[in-house]
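**Student:** Have a look at the structure that comes next, please.
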Amino acid sequence: MPITPTKKIWMDGSFVDWPDATVHVLSHTLHYGTGAFEGIRAYKTPNGVAIFRLKDHMERLLRSCKILMLDVPYNLSDLCEAAKELVRVNDLTEGCYIRPLVYLGYGEIGVNPIGAPVQTAIAAWSWGAYLGDHAETGVRMKISSWSRHAPNAMPTASKTVGGYVNASLAKVEAIKAGYDEAIMLGPDGRVSECTGENLFIIRDGRLYSPPPSEAGALSGITQSSIVKIANDLGFEVNFEALRRDDLYLADEAFLTGTAAEVVPLSSVDDRLVGDGKPGPITTVIRKTYHQTVRGERPQYEDWLARV
Ligand code: PMP
Numbered sequence: 000m001p002i003t004p005t006k007k008i009w010m011d012g013s014f015v016d017w018p019d020a021t022v023h024v025l026s027h028t029l030h031y032g033t034g035a036f037e038g039i040r041a042y043k044t045p046n047g048v049a050i051f052r053l054k055d056h057m058e059r060l061l062r063s064c065k066i067l068m069l070d071v072p073y074n075l076s077d078l079c080e081a082a083k084e085l086v087r088v089n090d091l092t093e094g095c096y097i098r099p100l101v102y103l104g105y106g107e108i109g110v111n112p113i114g115a116p117v118q119t120a121i122a123a124w125s126w127g128a129y130l131g132d133h134a135e136t137g138v139r140m141k142i143s144s145w146s147r148h149a150p151n152a153m154p155t156a157s158k159t160v161g162g163y164v165n166a167s168l169a170k171v172e173a174i175k176a177g178y179d180e181a182i183m184l185g186p187d188g189r190v191s192e193c194t195g196e197n198l199f200i201i202r203d204g205r206l207y208s209p210p211p212s213e214a215g216a217l218s219g220i221t222q223s224s225i226v227k228i229a230n231d232l233g234f235e236v237n238f239e240a241l242r243r244d245d246l247y248l249a250d251e252a253f254l255t256g257t258a259a260e261v262v263p264l265s266s267v268d269d270r271l272v273g274d275g276k277p278g279p280i281t282t283v284i285r286k287t288y289h290q291t292v293r294g295e296r297p298q299y300e301d302w303l304a305r306v
């Protein structure tokens with residue numbers, strides 16, 4: 000998806016003009032993937048622009064960095080304030096996407112990163128529906144021939160830059176085969192997650208999602224929001240291992256992620272999910288999520304950080 004430039008990018012404590020936010024070609028992360036990132040959204044609410052679950056995202060960024068032994072020179076509050084200020088200086092409102100990145104800059108080469116400078120940047124721009132128009136009607140999914148990497152090959156709880164080669168291979172395979180998105184199975188053959196989203200299925204009125212740590216999936220912040228929203232709407236949610244035939248036989252299914260939001264699945268490997276149209280439970284959960292992020296559900300006000 001193309002990027003629409005804004006005015007400023009926050010880099011190591013300063014607001015830099017968009018075209019000047021560059022790195023040296025010998026930056027360590029560019030060669031070895033040694034970095035961590037986040038994806039966050041902000042929305043227009045009745046009381047001004049708000050970043051959704053900002054603190055949770057920045058906490059996850061710091062956890063990713065801890066796993067990768069990246070010593071970030073900013074604390075949680077510094078990062079949250081920088082993100083808010085960035086949204087303000089760029090006059091961003093509805094559909095704003097925020098991308099914090101901690102990376103290793105120029106200074107060392109070779110797989111040993113020790114000594115390379117830890118650098119931090121946050122960019123923000125206006126970004127539409129991540130899965131395009133199909134987000135309304137349902138997306139066609141393909142189970143990837145690539146497995147989600149095993150936890151002992153790559154930490155699955157960290158949004159590691161290099162880890163996304165795995166997701167990217169699966170995404171390209173699915174798109175080239177004519178699908179919208181890929182579902183990845185873990186090394187044990189159980190359902191893990193999508194390339195940038197978690198997965199839920201619905202059977203007999205109950206929701207099921209693979210338990211992130213066992214499934215080697217990222218612990219999604221949208222996934223956790225949906226668990227709370229679904230419970231509050233009276234639906235039971237189970238974290239349970241899923242097989243690919245559970246996907247084929249689901250009454251309804253949807254994926255969740257900050258960029259994608261809540262998107263119904265219309266088919267998996269050419270088998271229709273239900274009748275192929277967004278089901279009633281998915282529809283009510285999706286609508287409630289959209290209202291929540293836009294400040295139209297007062298009980299979830301704590302999730303909003305006003306800029
Ligand atoms: N899984 C992966 C691999 C992801 O990259 C993302 C996006 N961060 C998700 C799941 C969904 O996470 P979240 O809801 O926190 O955006």
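If you count by numbering that gives the first Met the number 0, then the sequence shown holds residues 0 to 306, one letter each, in order.
The beta-carbon is built from N, C-alpha and C at its ideal position, and this holds for glycine as well.
Beta-carbon of residue 32 versus every beta-carbon of chain B: anything under 8 Å?
**Tutor:** Absent from the structure: chain B. Only one protein chain is present.
**Student:** Can you give me the Cβ contacts of residue 281 inside the same chain, cut-off strictly under 8 Å, excluding the 5 residues immediately before and after it?
**Tutor:** Translated into the one-based positions of the sequence shown, residue 281 becomes position 282. Once the five neighbours on either side are set aside, the close Cβ partners of residue 281 are 201, 251, 252, 253, 261, 263.
**Student:** For the ligand PMP, any of its heavy atoms closer than 7 Å to the Cβ of residue 221?
**Tutor:** Position 222 of the sequence shown, counting from 1, holds the residue named residue 221. Indeed, a heavy atom of the ligand PMP lies less than 7 Å from the Cβ.
**Student:** Please state whether the Cβ-Cβ distance between residue 218 and residue 156 is less than 8 Å.
**Tutor:** Mapped onto the sequence shown, residue 218 falls at position 219. Mapped onto the sequence shown, residue 156 falls at position 157. Yes. Within cutoff.
**Student:** Is residue 196 near residue 256, with beta carbons less than 8 Å apart?
**Tutor:** For the purposes of this step, residue 196 is taken as the residue at position 197 of the sequence shown. For the purposes of this step, residue 256 is taken as the residue at position 257 of the sequence shown. Yes. Within cutoff.
**Student:** Suppose you measure from the CA of residue 174 to the CA of residue 143; what does that come to, to the nearest Å?
**Tutor:** Within the sequence shown, the letter at position 175 stands for residue 174. Within the sequence shown, the letter at position 144 stands for residue 143. Approximately 11 Å, taken between the alpha carbons.
**Student:** Got a sec, what are the start and stop residues for the alpha helix (DSSP H) residue 197 sits in?
**Tutor:** Numbered from 1 along the sequence shown, position 198 holds the residue referred to as residue 197. Segment 197-202 is the beta strand (DSSP E) holding residue 197; no alpha helix (DSSP H) there.
**Student:** Does DSSP classify residue 250 as helix, strand or coil?
**Tutor:** Against the sequence shown, residue 250 aligns to sequence position 251. Reduced to three states, the DSSP call for residue 250 is coil.
**Student:** In angstroms with no decimal places, state the Cα-to-Cα distance between residue 258 and residue 12.
**Tutor:** Translated into positions along the sequence shown, residue 258 becomes position 259. Translated into positions along the sequence shown, residue 12 becomes position 13. Distance between the alpha carbons of residue 258 and residue 12 is about 25 Å.
**Student:** Under 6 Å Cβ to Cβ from residue 64, same chain only, skipping five residues before and after it: list those, please.
**Tutor:** Taking the sequence shown and counting its residues from 1, one reaches residue 64 at position 65. Hits under 6 Å: 35, 71, 101.
**Student:** For residue 145, I'd like the list of residues in its chain whose CB is within less than 6 Å of its CB, leaving aside the five on either flank, ordered along the chain.
**Tutor:** Taking the sequence shown and counting its residues from 1, the one referred to as residue 145 is at position 146. Excluding residues within five positions, the ones whose Cβ falls inside 6 Å are 168, 169.
**Student:** So what does residue 40 bridge to, in DSSP terms?
**Tutor:** By 1-based counting over the sequence shown, the position of residue 40 is 41. Looking at the DSSP assignment, residue 40 forms a beta bridge with 96.
**Student:** When the Cα atoms are used, what is the spatial distance from residue 305 to residue 294?
**Tutor:** Numbered from 1 along the sequence shown, position 306 holds the residue referred to as residue 305. Numbered from 1 along the sequence shown, position 295 holds the residue referred to as residue 294. Computed Cα separation, rounded: 10 Å.
**Student:** Specify whether the segment 79-96 and the segment 49-61 touch according to this definition: at least 3 beta carbon pairs, one from each stretch, less than 8 Å apart.
**Tutor:** Yes, the segment 79-96 touches the segment 49-61.
**Student:** If I'm right that residue 209 touches residue 241 with Cβ under 8 Å, what's the distance once you round it to whole angstroms?
**Tutor:** Residue 209 sits at position 210 when you count from the first residue of the sequence shown. Residue 241 sits at position 242 when you count from the first residue of the sequence shown. Rounded, the Cβ-Cβ distance is 5 Å, consistent with contact.
**Student:** Express the C-alpha separation of residue 114 and residue 140 in angstroms, rounding to a whole number.
**Tutor:** Walking along the sequence shown from the start, residue 140 turns up at place 141. Walking along the sequence shown from the start, residue 114 turns up at place 115. Distance between the alpha carbons of residue 140 and residue 114: 43 Å.
**Student:** With a threshold of 7 Å, establish whether the CB of residue 58 neighbours any heavy atom of the ligand PMP.
**Tutor:** The residue you call residue 58 lines up with position 59 of the sequence shown. Outside the cutoff, so no.
**Student:** So, with DSSP's three-state summary, where would you put residue 3?
**Tutor:** Working through the sequence shown from its first residue, we reach residue 3 at position 4. Coil at residue 3, not helix or strand.
**Student:** My output table needs one value for residue 130: the three-state DSSP class, helix, strand or coil.
**Tutor:** Position 131 of the sequence shown, counting from 1, holds the residue named residue 130. The answer is coil: DSSP assigns residue 130 none of H, G, I, E or B.
**Student:** Taking residue 129 as the reference, give the member of 10, 199, 179, 56 with the closest Cα.
**Tutor:** For the purposes of this step, residue 129 is identified with residue 130 of the sequence shown, where counting begins at 1. Considering only alpha carbons, the answer is 179.
**Student:** Helix, strand or coil for residue 214? Go by DSSP, reduced to three states.
**Tutor:** Residue mapping note: residue 214 aligns to position 215 of the sequence shown, counting from 1. Reduced to three states, the DSSP call for residue 214 is helix.
**Student:** DSSP three-state call for residue 237: helix, strand or coil?
**Tutor:** Position 238 of the sequence shown, counting from 1, holds the residue named residue 237. Correct three-state label for residue 237: strand.
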